[in-house]
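Trainee:
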Amino acid sequence: MPHLRIEYTGNLDGHVDMQALCNVLCRTLTQFQDDTGNSVFPLTGTRVLAYPAPYAAVADSADDRAFLYLLLRIAPGRPQPLLDAVGKALLAQVDCALAPVTALRSIRATLQFDEGRPVYEGKWASA
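With positions in the sequence shown counted from 1, the corresponding number in our numbering is that position plus 1231.
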């Protein structure tokens, strides 16, 4: 972990480079270090995935409405000030990526953290 999942209205395709946004959010997550200099989120466990919604109704359903929902799933146990810093850093990157599009569309974004004890967690890797 962490796994960051982005669900967004499909009308952002063609206006936002989602691959670039995924890359910058991944780099943002992996830059965080604890007090001893260790990575808070391991590089090999960090995932950022984006999924467009081909059908959506946002607010009054006007064609120029757009929305992103970002869900960051993390293992429990990190201090709240660190989580606040991570949230601010991620939203700053989202703001930067969406800035050119805000003149064309009304956009809202929500970032939520899911920090829960997994009921089951299995892992598999090819190497």
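Virtual Cβ for every residue (Gly too), placed ideally from N, Cα, C. Please read all numbers here as calculations on a predicted model, not as lab measurements.
Do the CB positions of glycine 1276 and proline 1233 come within less than 9 Å of each other?
Mentor: Indexing the sequence shown from 1 puts residue 1276 at position 45. Indexing the sequence shown from 1 puts residue 1233 at position 2. Closer than 9 Å, so yes.
Trainee: Give the secondary structure of arginine 1309 by DSSP, where H, G and I count as helix, E and B as strand, and everything else as coil.
Mentor: In the sequence shown, the residue the question calls residue 1309 occupies position 78. Here arginine 1309 sits in coil by DSSP.
Trainee: Is the beta carbon of phenylalanine 1298 closer than 9 Å to that of arginine 1339?
Mentor: The residue labelled residue 1339 in the question sits at position 108 within the sequence shown. The residue labelled residue 1298 in the question sits at position 67 within the sequence shown. For arginine 1339 and phenylalanine 1298, yes; Cβs fall inside 9 Å.
Trainee: DSSP three-state label for threonine 1341, please.
Mentor: Residue mapping note: residue 1341 aligns to position 110 of the sequence shown, counting from 1. Reduced to three states, the DSSP call for threonine 1341 is strand.
Trainee: With a threshold of 8 Å, are at least 3 pairs of Cβ atoms found where one atom belongs to the region 1313-1330 and the other to the region 1285-1292?
Mentor: no
Trainee: Please report the straight-line C-alpha distance between histidine 1246 and leucine 1256, rounded to a whole angstrom.
Mentor: For the purposes of this step, residue 1246 is taken as residue 15 along the sequence shown, with counting starting at 1. For the purposes of this step, residue 1256 is taken as residue 25 along the sequence shown, with counting starting at 1. Cα to Cα, the separation comes out at about 18 Å.
Trainee: Any heavy atom of the ligand MG inside 8 Å of the beta-carbon of leucine 1301?
Mentor: Among the components modelled here there is no ligand, and therefore nothing to report on the ligand MG.
Trainee: Classify alanine 1284 as helix, strand or coil using the three-state DSSP reduction.
Mentor: As a first step, residue 1284 must be located in the sequence shown, where it is residue number 53. Correct three-state label for alanine 1284: strand.
Trainee: Let's see if you can read the secondary structure: which residues bound the beta strand (DSSP E) around leucine 1235?
Mentor: Your numbering for residue 1235 matches position 4 in the sequence shown. Per DSSP, leucine 1235 belongs to the beta strand (DSSP E) from 1234-1240.
Trainee: If contacts are defined as beta-carbon pairs under 8 Å, then threonine 1259 and alanine 1320 qualify, I think. What distance do you get, rounded to the angstrom?
Mentor: Walking along the sequence shown from the start, residue 1259 turns up at place 28. Walking along the sequence shown from the start, residue 1320 turns up at place 89. Right, the Cβ-Cβ distance comes to about 5 Å (below 8 Å), so this counts as a contact.
Trainee: Here's the rule I'm using: 16 or more other beta-carbon atoms within 10 Å means buried, otherwise exposed. How should tyrosine 1282 be labelled?
Mentor: Position 51 of the sequence shown, counted from the start, is the residue given in the question as residue 1282. Exposed, because fewer than 16 other Cβ atoms sit within 10 Å of the Cβ of tyrosine 1282.
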